[in-house]
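Here is the structure we will look at, set down as structure tokens.
In this note's numbering, the protein residues as written are 140 to 1253.
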């Protein structure tokens, strides 16, 4: 955030003329009715409104200082008014209404909510930790380590954690690209991606969260039925499919209970969150404590091996022996009865049992054992294959086994391979969006979400990596591959390492899975409700309804139904790859959106996250896509097809698309469809960029008169968006068709030289005013139309014999305003830098007088993207009136710039309301005298110049004394343009050199006037000259209009402070006041603008197009 701030008071100078008529200057301004801002009504208005901007104003506040802008105060409020509305901004729940707007009977009202209080640790770090560390860590990580080995398990963790880390970086860029709206990850993602991608990603995120609930419930039931209460099984657990039936029955009951808890109230879930988090922390601490204990004294867990095959022991045998001697009598053991039938003497035994001996080893040999070398590489197995310790020797047996003997071997319930393990493990790293779900409760979401999420990923990654190494170093390999702990008396494998008791991890993991399941059932319905309320998928709108307390009842029921589908699958190993697909698709879209927005250089894409780069997003997108097919190619194809269908449904809304024939037909149809889509609705504020219509003037050789206008266009656009370069030739097309084509060729050559990418068009019209008017109205095609007009200031308009140049200029201003288009006027364009220049230092100064859409803020940002202006710093000046609090304006403006992600130095200039100086009064008087005189005088050219010169000299003498503190730039000579006589009888040489101002007194050059005289004409000319001379004497005694006096006062005072602060700036951007409503004061308006910009080298006058073009939102 910029911290430099300076309050510069500007004192009004006293009247220097004692004879000055003060009563005239103290005349009160006419009161204007207050205008109230109306709520945005869709297509009823083209102006985009915001609850942060109010057009209410009090004339007493603006006074004489801002009189130049008073005609537009009803539509373009003062900056101080805008900042006052921003002062009490709060981060509120978005819901259906966009950002902070809420419909009420009185229109758009502010919604007052309690300020967020949560910081990074509580609000983001701990929720992410709780969601990332869960069911996979306790139930499957040991099995993954034993099956894949330490090295390949680390490879799995590295790929999955890299994917989530890259996605978290992209998500951090989104989170820091404007104010993060409350409402969870879906709002943040969908508002960054748009409705099509947002809908597809939102549904993938919803389905992933729903199936995550299924996985957590299945994990809860697995812990309960296998390790806590095995006697509760309804079906025989010896058969795999019967075990899955137990999971289905109890899982359905658990889902019903959890759904009822969520339905009753989410507050109960939130109250239990701390307990669930404590269970996770205590379980992990017990694991690390157990590792330390194993180095000192390994736990007493013994396993029995027959040959190299591990045996189940559900308390079915107490001794790892075939026979035992009791009272000198050899008796068979319980284990012998499992492999043999009959008496000891004539028993029929399993051949492998007969050929191999029994061995008893420690399940947890400890940290200092050599287990790490044995567990370094993988031991994959086929479906129903026996888990074996390859390091032990065994005698093989025939493949023909006695079907009547049920051998107690530990079997692989699924075929294992590397890609399967990736799909099963990936859900353990999918909790990275838990922090963003609490964006509305965070004190500073733009700081907390990136910091907390990345720290959580780093922490959990270290935990997973350390657990992989420690599990492989402490636990026997065959025990690690024993998924359900059958060999250690039905004990959770990871709990064998726990200290002080294995029940710490069993109970902790049980409540951890319960809490994660409840959170999934709480979060998923709200995601669906948000999608439904957005209205992007019509058939889901029914799920947007909720109870009186806001709970999404219908969405909860649909979530429970989808979650039941996952439970009916009956196995955690089969559900995990499914939800992995949905989360990977979600992460893919997030990375894709960030990469595309960066490569397209969207003006609104200005993330504050400094460690973001588009290549990281592209790498994250590629890794997500690869992991989808690595985990399960058929699930990946299904999810891609589903997301594509959702995207197309949202895009087309069921409409059939007409395809052309061949490549060209396809391209033309795609272009036509894109233009039609653009024409359907105006672009959102986030997507607004200046689409320029550049109005060029040609010289007598049909060459470009101001080629640097094209250079400035390329610097502003950088090849992005629409640029239409146009010019007008006077005449008829039949006569000047060849000239028009030649002009287009010259303009295209100039565009190529200045590296300006765009379209060129030259029209032939009866006059330039009509030609420019037609271009402003009709340039472009469909939705590819310009929204801003760039023109050069009519240089030497005072010295020009013809008034057409400045009259056409003013009409162009009026027509762009009527067309709701922005206007950029480059003054002194020939001094602007070319593309080869590199401005090594300097500033771009923005004088923000009134807020007319934020274009003044956006233009310096766009210019600084180009290498010409890249090293220039941005400074923003605004004006404080008598009733404004300058210190508060500073704070509000800095906050506003922070939310806009713009770095700039801020200065507030105080302009006190005071009396109008004599210099301003006399300057206005001279301006009006000259204007009225030129309208009424009908003298010959020589006589007219002599009369004007006498009045100019007399007026100059009256204002030669300058008030105290006034700048020397205001002592400029009075420039009076010549007037062309309209009578066809007068034909004179239009020599403008007679009006060139090089000295204090203009050089008068008499031109010969050729007239055809008759007696009647001579008498008429004498009478006309006598009346004109009388009119000039009357004009010299006139008093100035008070409106013009106040406007000249504004121009003089503003020019004084602008020159004082920005005379050395590389470029000055200034609000351009609107032209007078009546055309009688057009020449005075040009004089106001000249005074306003006097003494500045490069000036860009900016006039907004009647809509917001920059936003603080993501």
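All residues carry an ideal CB built from backbone N, CA and C; glycine is no exception.
These figures come from a predicted structure and were not determined experimentally.
- Message: For residue 729, tell me which candidate among 291, 338 and 1211 has the shortest Cα-Cα distance.
- Response: Shortest Cα-Cα distance from residue 729 to any of 291, 338 and 1211 involves 338.
- Considering only C-alpha positions, which residue in the set 610, 330, 1200 and 1046 is nearest to residue 736? The closest CA to that of residue 736, considering only 610, 330, 1200 and 1046, is found on 330.
- Query: Do residue 366 and residue 567 have their CB atoms nearer than 9 angstroms?
  - Reply: No, the pair does not count as a contact, with Cβ atoms beyond the cut-off.
- Task: Answer yes if the region 688-705 comes into contact with the region 545-556, meaning at least three C-beta pairs across the two stretches below 8 angstroms, and no otherwise.
- Result: No, they do not touch.
- Could you give the DSSP three-state label for residue 469: helix, strand or coil? Correct three-state label for residue 469: strand.
- Report, in whole angstroms, the separation of the C-beta atoms of residue 850 and residue 893, which I expect to be a contact under 8 angstroms. About 5 angstroms separates the two Cβ atoms, so the contact holds.
- Query: Got a sec, what are the start and stop residues for the beta strand (DSSP E) residue 292 sits in?
  - Reply: First-last for residue 292: 280-314, but that is the alpha helix (DSSP H), not the beta strand (DSSP E).
- Message: When you compare the CB positions of residue 1225 and residue 948, do they come within less than 9 angstroms of one another, or not?
- Response: Their beta carbons are under 9 angstroms apart, which means residue 1225 touches residue 948 by this criterion.
- Under the rule that 16 or more other beta-carbon atoms within 10 Å means buried, what is residue 684, buried or exposed? With fewer than 16 other beta carbons inside 10 angstroms of its own, residue 684 counts as exposed.
- Touching or not, the region 419-427 and the region 636-655, by the rule of three or more beta carbon pairs under 8 angstroms? In short, these stretches touch, since the Cβ pair count reaches three.
- Task: Classify residue 884 as helix, strand or coil using the three-state DSSP reduction.
- Result: Helix, per DSSP.
- Out of 770, 759 and 262, state which residue places its alpha-carbon closest to the alpha-carbon of residue 717. When each option's Cα is compared against that of residue 717, the closest is 770.
- Kindly indicate which three-state DSSP category residue 832 falls into: helix, strand or coil? In the structure shown, residue 832 falls within a strand segment according to DSSP collapsed to helix, strand and coil.
- Message: Between which two residues does the alpha helix (DSSP H) holding residue 554 run?
- Response: Per DSSP, residue 554 belongs to no alpha helix (DSSP H) and is neither H nor E.
- Query: DSSP on residue 733, reduced to helix/strand/coil?
  - Reply: In this structure, residue 733 counts as helix in the three-state DSSP scheme.
- Message: Judging by CA-CA distance, which residue of 503, 583 and 582 is the nearest neighbour of residue 436?
- Response: It is 503.
- Please determine, among 484, 393, 491 and 500, the residue with the shortest C-alpha to C-alpha distance to residue 1264. Residue numbering for the chain in the displayed model covers 140 to 1253; residue 1264 lies beyond these limits and cannot be assessed.
- Query: Which value, in whole angstroms, describes the spacing of the CA atoms of residue 964 and residue 951?
  - Reply: Cα to Cα, residue 964 sits roughly 11 angstroms from residue 951.
- Quick one: is residue 977 buried, meaning 16 or more other Cβ sit within 10 Å of its Cβ, or exposed? Its Cβ having fewer than 16 others within 10 Å, residue 977 is exposed.
- Following the continuous beta strand (DSSP E) through residue 963, name the residue where it begins and the one where it ends. For residue 963, the enclosing beta strand (DSSP E) begins and ends at 961-966.
- C-alpha distance - residue 998 paired with residue 1009, whole-angstrom precision: The alpha-carbon separation between residue 998 and residue 1009 amounts to approximately 13 angstroms.
- Query: Under three-state DSSP, which class holds residue 516?
  - Reply: In the three-state scheme derived from DSSP, where H, G and I count as helix and E and B as strand, residue 516 is classed as coil.
- Cut-off 7 angstroms between Cβ atoms - residues of its own chain near residue 649, not counting five sequence neighbours on either side: Same-chain partners within the cutoff: 359, 362, 363 and 367.
- Could you tell me if residue 597 is buried or exposed, where buried requires 16 or more neighbouring beta carbons within 10 angstroms of its beta carbon? Counting Cβ neighbours within 10 Å, residue 597 comes out exposed, since fewer than 16 surround it.
- Kindly indicate the opening and closing residues of the alpha helix (DSSP H) around residue 904. The continuous stretches of alpha helix (DSSP H) do not include residue 904, which lies in the beta strand (DSSP E) extending over residues 898-904.
- Express the C-alpha separation of residue 386 and residue 554 in angstroms, rounding to a whole number. About 20 angstroms.
- Query: How about residue 873: is its Cβ closer than 8 angstroms to a heavy atom in the ligand SAM?
  - Reply: With respect to the ligand SAM, the structure offers nothing, as it holds no ligand at all.
- Query: Can you tell which of 847, 944, 1041 and 856 has its C-alpha closest to the C-alpha of residue 968?
  - Reply: Ranking 847, 944, 1041 and 856 by Cα distance to residue 968 puts 847 first.
- Message: Could you tell me the alpha carbon to alpha carbon distance between residue 703 and residue 306, rounded to whole angstroms?
- Response: Roughly 29 angstroms between the two C-alpha positions.
- Query: According to the neighbour-count rule (16 or more other Cβ atoms, all chains shown, within 10 Å of its Cβ), is residue 917 buried or exposed?
  - Reply: Classification for residue 917: exposed.
- Query: With a cut-off of 8 angstroms, do at least 3 Cβ pairs link the region 518-533 to the region 593-607?
  - Reply: No, because fewer than three Cβ pairs between the region 518-533 and the region 593-607 fall closer than 8 angstroms, the two stretches do not touch.
- Item | First and last residue of the uninterrupted beta strand (DSSP E) at residue 869 | Taken as a continuous stretch (DSSP letters only), the beta strand (DSSP E) holding residue 869 covers 862-869.
- Task: Please report how far the alpha carbon of residue 1220 lies from the alpha carbon of residue 1214, in whole angstroms.
- Result: Those two C-alpha atoms are separated by around 8 angstroms.
- Message: Using 8 angstroms for Cβ pairs, my map puts residue 933 next to residue 941. What's the rounded Cβ distance?
- Response: Rounded, the Cβ-Cβ distance is 11 angstroms, inconsistent with contact.
- Task: Can you say whether residue 515 is buried or exposed, counting buried as having 16 or more other CB atoms within 10 angstroms of its CB?
- Result: Residue 515 should be labelled exposed.
- Taking Cβ positions, are residue 762 and residue 301 nearer each other than 9 angstroms? In this structure, residue 762 lies near residue 301, with their beta-carbon atoms less than 9 angstroms apart.
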